[in-house]
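One structure below.
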Ligand SMILES: Cc1cc2nc3c(=O)[nH]c(=O)nc-3n(C[C@H](O)[C@H](O)[C@H](O)COP(=O)(O)O)c2cc1C
């Protein structure tokens with residue numbers, strides 16, 4: 004079965020195939036506004052059934068890496084509108100990834116040069132990318148006060164509203180990889196004693212409240228969530244409670260009728276794998292659309308689709324150097340290897356200058 008290349012109905016949103024472009028930060032916008040290069044980059048990759056943008060900061064406080072295009076000003080909305088127009092003109096679909104880094108930030112990015120916010124004052128032994136200083140140690144955070152949390156939730160909802168105004172097909176709430184919402188889920192970083200800390204229900208409250216606020220603003224069919232069970236990325240320590248957390252979270256996610264849940268497996272980055280039994284258990288308990296990302300190739304993705312374990316397969320790094328990844332996989336053409344030196348920052352090199360396969364192999368002037 005060539006499931007990967009068959010259409011899929013993401014609720015009311017028709018997707019041309021089951022290949023998803025995973026969210027990837029590229030840090031190429033010093034003014035934090037998407038430009039024509041951003042539009043070209045995404046339009047080149049619009050052969051994906053669904054694209055998820057790089058993480059997009061929802062507010063100035065949410066920032067943790069340099070030169071990332073945001074979604075809190077009208078100029079940014081206008082910049083993203085050019086991107087979504089270009090993607091739609093190329094036949095693609097695109098969700099914006101809504102991102103708050105929490106404690107993974109540096110004071111030079113924070114309003115007034117203050118401390119970043121987190122669930123607690125526990126500093127992440129991790130580094131963030133800044134244009135001036137490259138990879139730089141994260142600043143010790145301050146703990147969000149209970150009374151501030153509704154504002155953070157409202158920031159997510161307002162960014163979702165702006166995303167829809169910018170023409171996005173939906174949003175993905177970034178609940179993965181040790182960023183703010185994931186920090187709250189984690190028993191070892193979240194040491195709060197209010198209703199956002201302690202029990203599993205309390206630690207999940209910020210994530211679920213955020214999803215509810217975003218759903219109320221733009222509708223559940225336009226809201227996905229990204230989670231990374233078992234990840235230890237960005238100094239988020241294993242808390243031994245992932246299974247218990249997901250026993251609680253999974254039915255909560257299911258009953259919200261989300262567009263999808265996107266599971267990120269970061270094992271290739273040094274963390275533990277998502278166990279096969281966990282994925283099967285999640286699938287059995289969750290009746291919505293399941294996306295999986297992390298180390299997939301065509302064969303592995305098709306195996307998972309054929310086994311009914313996932314509905315959509317997300318590819319990250321392969322999309323960087325292969326703008327026409329879907330066509331290359333469909334035709335079994337060789338894949339180009341991306342250059343890690345150009346992942347973050349810089350210009351068009353390693354961004355919009357990777358050619359499609361026919362150009363790369365035969366010098367033809369058109370895309371396959
Ligand atoms: C350059 C780069 C930037 C990334 N930025 C993000 C991001 O902004 N948000 C996110 O959730 N994941 C991000 N990721 C993780 C990818 O979405 C994906 O999960 C990861 O690369 C594993 O998939 P792969 O093996 O297909 O590359 C990034 C990965 C790379 C390589």
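Residue numbers (our numbering): 4 to 371.
No residue lacks a Cβ here, since even glycine has one placed at the ideal position from N, Cα and C.
Which word fits residue 57, buried or exposed, when buried means at least 16 other C-beta atoms lie within 10 angstroms of its C-beta?
-> Classification of residue 57: buried, given that the 10 Å Cβ count is 16 or more.
Within the present structure, is the beta-carbon of residue 200 separated from the nearest heavy atom of ligand 1 by less than 7 Å?
-> no
Within 8 Å, strictly: CB atoms of residue 318 and residue 299 | yes
Excluding the five sequence neighbours on either side, which residues of its own chain have a C-beta within less than 6 Å of the C-beta of residue 24, listed in chain order?
-> These residues qualify, in order along the chain: 48, 51, 54 and 322.
Residue ranges of each beta strand (DSSP E) run of no fewer than 3 residues wholly in the segment 183 to 230, ordered along the chain?
-> 226 to 230
Minimum C-alpha distance to residue 194 - residue among 125, 7 and 32 | 125
Among residues of its own chain, excluding the 5 on either side of residue 18, which ones have a beta-carbon nearer than 7 Å to its beta-carbon?
-> 10, 11, 52, 53 and 96
Between the Cα of residue 339 and those of 128, 349, 62 and 353, spot the shortest distance and give me the residue it belongs to.
-> 353
The segment 27 to 41 touching the segment 72 to 80, judged by at least three CB pairs closer than 8 Å = yes
Examine chain B for any beta-carbon lying closer than 8 Å to the beta-carbon of residue 22, and answer yes or no.
-> Structure shown: chain B not included; a single protein chain is present.
Contained beta strand (DSSP E) runs [length at least 3] in the segment 61 to 103, N- to C-terminal order = Complete beta strand (DSSP E) runs here, min 3: 97 to 102.
Straight-line CA distance for residue 16 to residue 168?
-> 17 Å
C-alpha gap between residue 134 and residue 69, whole angstroms = Near 6 Å, if we compare the C-alpha coordinates of residue 69 and residue 134.
Taking buried to mean at least 16 other C-beta atoms within 10 Å of its own C-beta, is residue 342 buried or exposed?
-> exposed
When the Cα atoms are used, what is the spatial distance from residue 218 to residue 62?
-> 19 Å
Taking just the CA atoms, how far does residue 291 sit from residue 257?
-> 6 Å
For residue 146, which residues from the same chain have a beta carbon less than 6 Å from its beta carbon, with the 5 sequence-adjacent residues on both sides left out?
-> 123 and 124
Taking residue 215 as the reference, give the member of 358, 153, 281 and 360 with the closest Cα.
-> Of 358, 153, 281 and 360, the residue nearest in Cα terms is 153.
Thinking just about the alpha-carbon of each residue, which of 127, 276, 144 and 64 is nearest to the one in residue 113?
-> Per the Cα distances, 64.
Quick one: Cα of residue 110 to Cα of residue 140, how far?
-> Residue 110 and residue 140 have their C-alpha atoms spaced approximately 10 Å apart.
In terms of residue numbering, what span does the alpha helix (DSSP H) encompassing residue 249 cover?
-> Per DSSP, residue 249 belongs to the alpha helix (DSSP H) from 245 to 258.
For residue 74, which residues from the same chain have a beta carbon less than 8 Å from its beta carbon, with the 5 sequence-adjacent residues on both sides left out?
-> 59, 60, 61, 80, 83, 99, 101, 162, 165, 166 and 169
Output the distance between the C-alpha atoms of residue 150 and residue 263, rounded to the nearest integer angstrom.
-> The alpha-carbon atoms of residue 150 and residue 263 are separated by roughly 30 Å.
Keeping to the same chain, check which residues put their C-beta closer than 6 Å to that of residue 89; ignore five residues upstream and five downstream.
-> 42 and 46
Residue 119 and residue 136: beta carbons closer than 8 Å?
-> no
Cβ shell of residue 289 (< 6 Å), same chain only, five flanking positions each side left out = So the qualifying residues of the chain are 253 and 257.
Measure from the alpha carbon of residue 233 to the alpha carbon of each residue in 225, 144, 223 and 246, then state which is nearest.
-> Of the candidates 225, 144, 223 and 246, the one whose C-alpha sits nearest the C-alpha of residue 233 is 246.
Of all the alpha helix (DSSP H) runs that stay within the bounds of the segment 335 to 366, which reach a length of 4 or more residues?
-> Those alpha helix (DSSP H) runs which fall completely within the segment 335 to 366 and span 4+ residues are 360 to 365.
Please check the pair residue 220 and residue 129, which I expect to be a contact at CB under 8 Å, by giving their CB distance rounded to whole angstroms.
-> Actually they do not touch by this definition, with Cβ atoms about 31 Å apart.
Would you report the Cα separation of residue 277 and residue 302, rounded to the nearest angstrom?
-> Near 18 Å, if we compare the C-alpha coordinates of residue 302 and residue 277.
Got a sec: does ligand 1 put a non-hydrogen atom nearer than 7 Å to the Cβ of residue 351?
-> no
Going straight from the alpha carbon of residue 40 to that of residue 243, what length do you get?
-> 43 Å
Heavy atom of ligand 1 within 7 Å of residue 28 beta-carbon = yes
Helix, strand or coil: which one does DSSP assign to residue 14?
-> coil
Give the secondary structure of residue 111 by DSSP, where H, G and I count as helix, E and B as strand, and everything else as coil.
-> helix
Give the secondary structure of residue 36 by DSSP, where H, G and I count as helix, E and B as strand, and everything else as coil.
-> coil
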